[in-house]
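Residue numbers (the numbering used here), protein chains in the order written: chain B, 2 to 108; chain D, 2 to 108. Note that beta-carbon positions come from the ideal geometry of N, C-alpha and C, so glycine has one too.
There are 2 protein chains.
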Amino acid sequence: MGVTKRHIHSMRVNQIADLAKMLSNPARVSIIEYIGDCDGCLCQDISEKIRLSQPTTSQHLQVIKRAGILKSQFRGKAQYYSIDLRKWEQAQELFNGFFDVTKAKCC
Amino acid sequence: MGVTKRHIHSMRVNQIADLAKMLSNPARVSIIEYIGDCDGCLCQDISEKIRLSQPTTSQHLQVIKRAGILKSQFRGKAQYYSIDLRKWEQAQELFNGFFDVTKAKCC
DNA sequence: ATGCAATATCGCAATATTACGATTTTATTA
DNA sequence: TAATAAAATCGTAATATTGCGATATTGCAT
């Protein structure tokens with residue numbers, strides 16, 4: 002077939018996988034890293050920094066945003082992206098929960 | 002084009018993305034969770050537990066193994082999988098490093 | 001209203017992922 | 001050595017992802 006069977010897994014497992022999928026492309030990791038640096042970034046600047054085209058960069062930004070990690074606002078004529086710290090921390094906790102539980106059980 | 006441009010990113014960024022890619026499928030998250038539970042599992046049992054076919058399960062196991070997270074050994078006639086705790090902790094640290102640095106910088 | 005600069009969306013081609021049935025390989029046991 | 005059971009691999013079809021050029025949209029300034 003070729004379609005991921007989400008329905009056979011728990012919601013928590015799917016959440017972890019979704020979050021990981023968002024981080025599974027190096028461009029998106031770089032983008033998050035860069036936004037963390039400057040806090041309030043233009044798509045154009047990010048695009049130049051990571052050396053991908055504006056459309057590609059914009060698409061990656063949407064993927065990160067859809068995962069709930071980004072906030073954006075217009076200042077002047079440009080859109081400024083920044084990281085939603087609360088969501089970022091929640092994401093970290095979700096991962097750490099998974100890592101810790103697995104660690105505690107194994108061996 | 003359609004090929005991920007790994008070469009434009011740092012090695013660390015690619016490592017994070019690779020690790021995330023390994024976790025980006027819910028079947029693999031479930032498998033890790035299950036192996037953590039029983040510590041020493043048969044492919045067959047995992048396959049039944051997560052309700053995917055034996056070949057599919059085996060392929061996912063290879064992906065997790067290629068990421069360095071699994072150990073395996075033959076006991077009797079079957080192969081027993083378990084989590085490489087050292088690598089698992091390293092993976093967690095890699096993620097936490099990324100999360101923490103981003104957190105520290107932003108805002 | 002018109003022009004401008006920034007961002008988002010569309011359409012597409014190349015490639016990657018996912019899942020499974022069929023088959024082969026592997027390691028033990030009779 | 002032959003039979004076995006378990007796991008890996010092959011082949012394939014369906015779908016998803018990635019990246020970019022072209023185009024549309026958006027919000028401000030004149």
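Host beta strand (DSSP E) of residue i (start-end)
{"i": "L71 of chain D", "result": "71-76"}
Helix, strand or coil at residue i [DSSP, three-state]
{"i": "A18 of chain D", "result": "helix"}
{"i": "R67 of chain D", "result": "helix"}
{"i": "V4 of chain D", "result": "coil"}
{"i": "H61 of chain D", "result": "helix"}
{"i": "S11 of chain B", "result": "coil"}
{"i": "S25 of chain B", "result": "coil"}
{"i": "S54 of chain B", "result": "coil"}
Short Cβ contact (9 Å threshold) for residue i with residue j
{"i": "C42 of chain B", "j": "S59 of chain B", "result": "no"}
{"i": "F99 of chain D", "j": "I17 of chain D", "result": "yes"}
{"i": "S73 of chain B", "j": "K50 of chain B", "result": "no"}
{"i": "I36 of chain B", "j": "Y82 of chain B", "result": "yes"}
{"i": "L71 of chain B", "j": "D85 of chain B", "result": "yes"}
{"i": "T57 of chain D", "j": "I33 of chain B", "result": "no"}
{"i": "Q91 of chain D", "j": "F96 of chain B", "result": "no"}
{"i": "L53 of chain D", "j": "A28 of chain D", "result": "yes"}
{"i": "V64 of chain D", "j": "N26 of chain D", "result": "yes"}
Identity of the residues DSSP links to residue i by a beta bridge
{"i": "Q80 of chain B", "result": "B:F75"}
{"i": "C39 of chain D", "result": "Answer is none; C39 of chain D lacks a bridge partner."}
N- and C-terminal bounds of the alpha helix (DSSP H) containing residue i
{"i": "D85 of chain D", "result": "Neither: D85 of chain D is in no alpha helix (DSSP H) and is coded neither H nor E."}
{"i": "I47 of chain D", "result": "44-51"}
Within-9 Å CB hit, residue i to chain D
{"i": "T58 of chain B", "result": "no"}
{"i": "R52 of chain B", "result": "yes"}
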